[in-house]
Each structure stands twice: as structure tokens, then as C-alpha cells.
Amino acid sequence: TTPIIFDTDPGIDDAQAIAIALVHPEIELLGLTTTYGNVDIDTATANALLLSELAEQEIPVAQGAAAPLVKAKHPAPAHIHGGNGLGDIELPEVQGKALSSSAAEFLVEQVNARPGDITLVAVGPLGNLAAALQLDPSITGKVKQVVIMGGSIREGGNVTPVAEANMFNDPHAAARVLTAGWPLTLVGLDATHRCVLSPQDMDRIAAGQGRLGKVLADSYGFYSDFYRQFLGIDGCCPHDSCALAWLMRPDLFTTARGHLTVVTEGFAEGQTVFAPEGRPFLDERWSATPSVEVCLDAQGARVVEWIVDVL
Ligand code: BDR
Ligand code: CA
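If you want UniProt numbering, it's the position in the sequence shown, counting the first as 1, plus 1.
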């Protein structure tokens, strides 16, 4: 099995991905760490607890970043995920509580307890991973892998012409995490925009997942309304599930290696900039940054089929 910690800002597509992490027989979900992003931090934590309760699993939840590292916090976009992060549908009451340790403390503790074993999958703004790195820089050599949903190599952005939301929401944290020198794969819009989860796909998912499936299906309606209205698509991109799809089925993605960083200030803030391996550039800062892997493309229909099959 693949032990993971899932760092998330649930979020409708986060909820779909959390469901995958909860039910996939080969994924061992060690914990959920939460960050502000699609919603404020308390709502993110409540949603993480709720989703595992609906799947009847007791998964540790550790609360993390309430705001970006440096830039000013801006309000969560309620028209995308709803004010409660799950499409403003009515939700059952949360029973459990978050751990007393912070997300960063939990990440550091778990990685140190199982050196070489754990994969960190992060699908929100990257404040928790940045805080964990600050707390214990040695974790770069102890994680098995870091998989990040975020950024865009050639696809352009979804918040600005160049920036993807998770990068844009905390570019300073992202810059630290992407250049930390650990084994890292970026699953960005180049891959996730190839994948469209249709209403029919969601019907199949809902049928298989009981109470959890109902929350996924009901919140899907809100998210797909946004896609229809603003992007003219019938369905939605299951961004965050793609990070798990890459982890379990890398054969469905096209990747490249190279140097990667994030613009932190100005009009292009949040833009990921990628320099393919082996191309020398005059500015030596580029070749000095660690090499990572980025997704350039995905077999969208097959990724969606994988998501529906798992759920
Ligand atoms: C990312 O932004 C968030 O709104 C989604 O949950 C996803 O993680 C896509 O750009
Ligand atoms: Ca997310």
C-alpha cells in the first residue's frame, strides 16, 4: 500500500479527492492536514472531519495555515465552492475534533516516524508544507515523494492569465516548497484541464458511495454550474483527484523533468516557470534550483474512468 498524508482546502474537488483517498484499497490515508484556500481554515477543517465521518473512518485531521505566508489574505471565492466549501448544500453535524498538533507538526512527526515511506499529496495553497520545512528541514530527505496539484506549465492560469489558484493563493509558500530539493511532481492545469467529470460520471459515483456519495453528488451540482457559467463546460475538472491519479497511475500522464519556481510578486505572481532539464540558461540561478518533475499532459478520459472506477 501507499501511505499518504493529504493536505487540502476542501473544496468540492478536494472532497472528491478525499473520497478517493478514503476508499482506495491501496492508499493508506494517515491523516488530513487542512489549509485555508477555497474556504477559511475552520470550515476546511470541519469539512475534512465530516468527509471521513461520512466514510465511517477515523482519520486524524490536523489544522494548519489560516492565511498566506506573506501576501495579504483575500476572501475565498464563494461562487466556486460555495460559502461552506461544499456547494452550500445542507451538511450533517461534525462529530469529531481536530488534533491538538498543527498541520506542520503532524507532517513532521509522521515523516520522522516512517522515514522513506510517506508521500505528501498537497492540493491547496502550500503554507503547511512550507511550515513543515521550516520546522524540520531534514524532512526533504525523509519523504518518499511530494505530489502537488497546482501550477501550470503551458496551459495558462485559472485565476490570472498565468497563475493557477493554489500557487496564486500563497506564492511565497509555493516557492519554498517547489525549490526545497525533495522528490516532487507537479500535477497542474496542463493535466487537470484534460479531465472532465460529467454529470453521468457523478451519477455513477453517487450510486456507489452512500452518504459520502450524496455529498459529492449534491456539491457537484454547484461546482458544475460554475463551470457551465464561466467556462462553458458541461462537467467539472476534478483537479485534486488528478494528484492521486498521478500517484497511482502515472502511466496516464506525460511528464518532463526540469527546474521550477514560482513568481512571488507583481502581475505574474503565482505563475510557475519551468526550465526543461539540459537547456543551459545565462542566468545561473536557474540551473542551481533542484530538478523536479512536472506533468505536461494527461489522458483525460482514462483518468476520469479511473476516478469513477475507484469511487
Ligand atoms: C485548485 O484550486 C482550488 O480551487 C481547487 O480545489 C484546486 O485545488 C485548482 O486550481
Ligand atoms: Ca484544493
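The beta carbon of each residue, even a glycine, is placed where N, CA and C say it ideally should be. This structure is a prediction, so every number in the text was calculated from the model and none was measured.
Closer than 6 Å: V112 CB and nearest ligand 2 heavy atom: Every heavy atom of ligand 2 is 6 Å or more from the Cβ of V112, so no.
Segment contact, 8 Å Cβ cut-off, at least three pairs: the stretch 85–100 with the stretch 238–252: Pairwise C-beta distances place the stretch 85–100 out of contact with the stretch 238–252, as fewer than three of them are shorter than 8 Å.
Cβ pair count under 8 Å reaching 3, the stretch 266–277 against the stretch 154–171: Three or more Cβ pairs closer than 8 Å define a contact, and the stretch 266–277 meets that threshold against the stretch 154–171.
Reference K145, options G117, N167, P138, A68, closest by Cα: Closest in C-alpha terms to K145, from the list G117, N167, P138, A68, comes G117.
C238 - partner residues in DSSP beta bridges: C238 has no beta-bridge partner at all, per DSSP.
Close beta carbons around R258, own chain, < 6 Å, minus the five adjacent residues each side: E278, S292, E294, listed in sequence order.
Contact check, A68 vs R195, beta carbons under 7 Å: Going by C-beta atoms, A68 is not nearer than 7 Å to R195.
For D89 and F223, believed in contact at Cβ under 8 Å, the rounded distance: A Cβ-Cβ distance of about 6 Å is found for the pair F223 and D89, placing them in contact under the 8 Å criterion.
Classification of E266 by the beta-carbon crowding that lies within 10 angstroms, buried from 16 upward: Exposed, by the Cβ-count rule.
Anticipated Cβ contact below 8 Å, I206 with L217, distance rounded: Contact flag correct, Cβ pair sits at about 6 Å.
D241 beta carbon near ligand 2 (any heavy atom closer than 6 Å): At least one heavy atom of ligand 2 is nearer than 6 Å to the Cβ of D241, so yes.
Three-way DSSP call (helix, strand, coil) for T161 in this model: Under the three-state reduction of DSSP output, T161 falls in the coil class, being neither helix nor strand.
E156: CB within 6 Å of a non-hydrogen atom of ligand 1: Taken from the Cβ of E156, every heavy atom of ligand 1 lies 6 Å or farther away.
C-alpha gap between A20 and F282, whole angstroms: Their backbone Cα atoms lie some 43 Å apart in a straight line.
Cβ-heavy atom distance, V124 to ligand 4, below 6 Å: Looking for ligand 4 in the displayed structure turns up nothing; the ligands present are ligand 1 and ligand 2.
Contact test: G65 Cβ vs ligand 1 heavy atom, cutoff 6 Å: Checking the Cβ of G65 against ligand 1 gives no.
Rounded C-alpha distance that separates Q201 from C237: Taking the straight line joining both Cα atoms gives about 12 Å.
Residues that DSSP places opposite E294 in a beta bridge: DSSP lists T186, R258 as partners of E294.
Contact test: G86 Cβ vs ligand 1 heavy atom, cutoff 6 Å: If you check the C-beta of G86 against ligand 1, you find no heavy atom less than 6 Å away.
Delimiting residues of the alpha helix (DSSP H) encompassing L130: Looking at the DSSP string, the run of the alpha helix (DSSP H) that includes L130 is 128–136.
Three-pair Cβ contact test at 8 Å for the stretch 36–51 versus the stretch 132–140: Of all C-beta pairs linking the stretch 36–51 to the stretch 132–140, fewer than three are shorter than 8 Å, placing the two stretches out of contact.
Residue from K72, L50, L70 whose Cα sits closest to the Cα of A63: Sorting K72, L50, L70 by C-alpha distance to the C-alpha of A63 places L50 at the top.
Option nearest H173 by Cα separation, candidates E165, M150, L70: Nearest of E165, M150, L70 to H173, Cα basis: L70.
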